[in-house]
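The structure appears below as structure tokens.
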Amino acid sequence: MSIRIGVIGTGGIGGDHIRRIRNSLSGAVVTAVSDPDTERASASIDGVQGACVVGDGLDLINRSDVDAVLIASPGATHADFLTACLRIRKPVFCEKPLATNVADAWRVF
Numbered sequence: 193m194s195i196r197i198g199v200i201g202t203g204g205i206g207g208d209h210i211r212r213i214r215n216s217l218s219g220a221v222v223t224a225v226s227d228p229d230t231e232r233a234s235a236s237i238d239g240v241q242g243a244c245v246v247g248d249g250l251d252l253i254n255r256s257d258v259d260a261v262l263i264a265s266p267g268a269t270h271a272d273f274l275t276a277c278l279r280i281r282k283p284v285f286c287e288k289p290l291a292t293n294v295a296d297a298w299r300v301f
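Numbering of the sequence shown is given in my numbering, commencing with residue 193 and proceeding in unit increments.
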């Protein structure tokens, strides 16, 4: 059984994470990705069997086929995605920064 990971943000860092999960991380698979650039999102999972593009990061978080979330979207979006994961107790890894202002940092904690 593998951990099914959803990735929010498929740009440079997100794309690197997807490649590492695919090529180097045993016991984990990417099942869904989300990015405003849907062409880039589709390209990031080219050849990843069973993975799909989800139109919105919040929808990705709530999918039943996503066990854990990796957030690699622009920093200003992190707090919203983090709090959504924490609210439903879904494991999450977030690239820095956790938040881009004090108010969002307090929301995360």
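Where is the CB? At the ideal position from N, CA and C, for every residue including glycine.
Take V199 and list the residues in its own chain whose beta-carbon comes closer than 7 angstroms to its own, dropping the five residues that flank it on each side.
Listed in chain order, the non-local C-beta contacts of V199 below 7 angstroms within the same chain comprise G206, H209, I210, V222, V225, L262 and A264, local neighbours out to five positions each way being set aside.
I'd like the span of the alpha helix (DSSP H) that includes V294, first residue to last.
For V294, the uninterrupted alpha helix (DSSP H) run begins and ends at V294 to V300, by DSSP.
What does DSSP give as the partner residue(s) for V261 in the beta ladder?
Answer by DSSP bridge pairing, in chain order: G198 and V284.
Drop a sphere of 10 angstroms on the beta-carbon of G249, count the other beta-carbons inside from all chains shown, and report buried for 16 or more, exposed for fewer.
So G249 counts as buried.
Is the CB-CB distance between L274 and V258 below 8 angstroms?
L274 places its beta carbon 8 angstroms or farther from that of V258.
G242 to P289, Cα distance in whole Å?
Near 30 angstroms, if we compare the C-alpha coordinates of P289 and G242.
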